[in-house]
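>
In our numbering, the protein residues as written are 159 to 318.
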């Protein structure tokens, strides 16, 4: 059976769209006037292009890069999770639990030896231990967890 077509055809993005996306990814706080000037298009064109990118769910939001330590969450970790069953109902049940894990920043459902990578931020090592024991290991489908401390987060080059 052929794979379904992607939701958005990358060919539908032209050079102007890509310049807009690069600028927004670098600084989502740009005003429309500043963005238009950087991209080299009229403000009305820029506004129309950004609106179209949002409507097509290419731009799904603009987010703040928050200093977690300044908020009282100086410890970050990645919790690797392996399931004992991949029954669709078990996985769906586990997804509901994951959505409620306090301090979860990003949850990745992955292929390979592990099934999930959960990036968390917590106030203390005790809170990290409790998070794993009380919110992840308690689910009956979880077979194994491994917790890795994050020493440093290094931004990647990205795709733009």
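Think of the CB as a built atom: it goes at the ideal place given N, C-alpha and C, for glycine as much as any other residue.
To the nearest angstrom, how far is it from the Cα of residue 260 to the Cα of residue 279?
Taking the first residue of the chain shown as position 1, residue 260 is located at position 102. Taking the first residue of the chain shown as position 1, residue 279 is located at position 121. Their backbone Cα atoms lie some 9 angstroms apart in a straight line.
> Which whole-angstrom value is the C-beta distance of residue 183 and residue 266, which I expect to be below 8 angstroms?
If you number the chain shown from 1, residue 183 lands on position 25. If you number the chain shown from 1, residue 266 lands on position 108. Their Cβ separation, rounded to whole angstroms, is 20 angstroms, which puts residue 183 and residue 266 out of contact at 8 angstroms.
> Looking at residue 190 and residue 201, is the spacing between their C-beta atoms short of 8 angstroms?
Taking the chain shown and counting its residues from 1, one reaches residue 201 at position 43. Taking the chain shown and counting its residues from 1, one reaches residue 190 at position 32. Closer than 8 angstroms, so yes.
> Determine which residues share a DSSP beta bridge with residue 276 and list them.
As a working note, residue 276 is residue 118 in the chain shown. According to DSSP, which records beta bridges pairwise, residue 276 is partnered with 237 and 265.
> Across which residues does DSSP place residue 307 in a beta bridge pair?
The sequence position of residue 307 within the chain shown is 149, counting from 1. DSSP output for residue 307 lists 235 as bridge partner(s).
> Assign residue 235 to one of two classes, buried (16 or more other C-beta atoms within 10 Å of its C-beta) or exposed (fewer than that).
Taking the first residue of the chain shown as 1, we reach residue 235 at position 77. When all chains shown are included, residue 235 counts as buried.
> Check each candidate in 309, 314 and 253 and name the one with the smallest Cα separation from residue 294.
Walking along the chain shown from the start, residue 294 turns up at place 136. Measuring from the Cα of residue 294, the nearest candidate turns out to be 253.
> With a threshold of 16 other CB atoms inside 10 Å of the CB of residue 207, please say whether the residue is buried or exposed.
To locate residue 207, count along the chain shown from 1; it is residue 49. The residue is buried, with at least 16 neighbouring Cβ atoms inside 10 Å.
> Exposed or buried, which one is residue 273 when buried takes at least 16 other CB atoms within 10 Å?
Residue mapping note: residue 273 aligns to position 115 of the chain shown, counting from 1. Answer is buried; the Cβ neighbour count reaches 16.
> How about residue 276 and residue 307: are their beta carbons less than 8 angstroms apart?
Counted from its first residue, the chain shown places residue 276 at position 118. Counted from its first residue, the chain shown places residue 307 at position 149. No; because the gap between Cβ atoms is not below 8 angstroms, this pair is not in contact.
> Hey, is the segment 223-242 in contact with the segment 298-307, meaning 3+ C-beta pairs nearer than 8 angstroms?
They touch, by the three-pair rule.
> Whole-angstrom Cβ separation of residue 241 and residue 300, contact assumed at under 8 angstroms?
On the chain shown, position 83 is the one that residue 241 refers to. On the chain shown, position 142 is the one that residue 300 refers to. Between residue 300 and residue 241 the Cβ distance is about 6 angstroms, and since that is below 8 angstroms, they are a contact.
> I need the DSSP call for residue 300, collapsed to helix, strand or coil.
In the chain shown, residue 300 corresponds to position 142, counting from 1. Strand.
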